[in-house]
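What follows is a single structure, written as structure tokens, with notes after it.
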Amino acid sequence: MGLADIQEKQSGERKREKRLVHFTNALSRDFQSSKVLKSKTKIYKDNADYVAKSFLEYLFFDEHKEIRELNNSHLQHFMLEYAPRKLTFTTEAGKNVPEILSKLLVFLEKEGHIHNGNELAAIAKKNSRSFLKLIPKK
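Just add 7 to wherever you are in the sequence shown, counting from 1, and you've got our numbering.
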């Protein structure tokens, strides 16, 4: 691979990164203003923003996947390995993570970004107890 090929690849990666950061921010804003979170407290909404952005960044930048490629193995890895080790939650906020993920996944399906949101939401709820055991108590 020549220098020109490497520079072109890096340019392509930067464009993808920029596009996905913009997409993540837009989706998070839309999720924040959706009916699903309308009646929630500011603290809950802030936590939802953190969870949504963290989940999407994990999918895009750690797993190098597009939103339509999201499947149950990505969700389980995020909940049972990535989030407990890499993200910081208070005990109270951590209790809401599975619920927030479920709401986010259903929202993504309603918005047409994924086709398996309800199925993934059920998996998030199913993994709730395991997730709660893994988050550090503060």
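Positions of the beta carbon are idealized from the N, C-alpha and C atoms, including for glycine. Since the structure is predicted, the reported quantities are computational estimates derived from the model, not experimental observations.
- Message: Using 7 Å as the threshold, is the C-beta distance between proline 150 and isoleucine 130 below it?
- Response: Look at the range of the chain in this structure, 8 to 145, and you will see that residue 150 is not part of it.
- Taking the Cβ atom as the reference point for each residue, do methionine 86 and asparagine 125 lie within a distance shorter than 7 Å? To locate residue 86, count along the sequence shown from 1; it is residue 79. To locate residue 125, count along the sequence shown from 1; it is residue 118. Result no, Cβ atoms of methionine 86 and asparagine 125 do not sit closer than 7 Å.
- Message: When you compare the CB positions of histidine 120 and isoleucine 74, do they come within less than 7 Å of one another, or not?
- Response: As a working mapping, residue 120 is identified with position 113 in the sequence shown. As a working mapping, residue 74 is identified with position 67 in the sequence shown. Going by C-beta atoms, histidine 120 is nearer than 7 Å to isoleucine 74.
- What separation, rounded to the nearest whole angstrom, lies between the Cα atoms of serine 137 and histidine 81? On the sequence shown, residue 137 is found 130 positions in, with the first residue counted as 1. On the sequence shown, residue 81 is found 74 positions in, with the first residue counted as 1. Cα to Cα, serine 137 sits roughly 16 Å from histidine 81.
- Task: Specify the secondary structure class of threonine 31 as computed by DSSP and reduced to three states.
- Result: For the purposes of this step, residue 31 is identified with residue 24 of the sequence shown, where counting begins at 1. Helix.
- Roughly how many angstroms lie between the CA atoms of phenylalanine 67 and leucine 127, to the nearest whole one? Residue 67 sits at position 60 when you count from the first residue of the sequence shown. Residue 127 sits at position 120 when you count from the first residue of the sequence shown. Approximately 17 Å between the Cα atoms of the pair.
- Task: Identify whether threonine 48 lies in helix, strand or coil by the three-state DSSP scheme.
- Result: The residue you call residue 48 lines up with position 41 of the sequence shown. Note: threonine 48 maps to coil in three-state DSSP.
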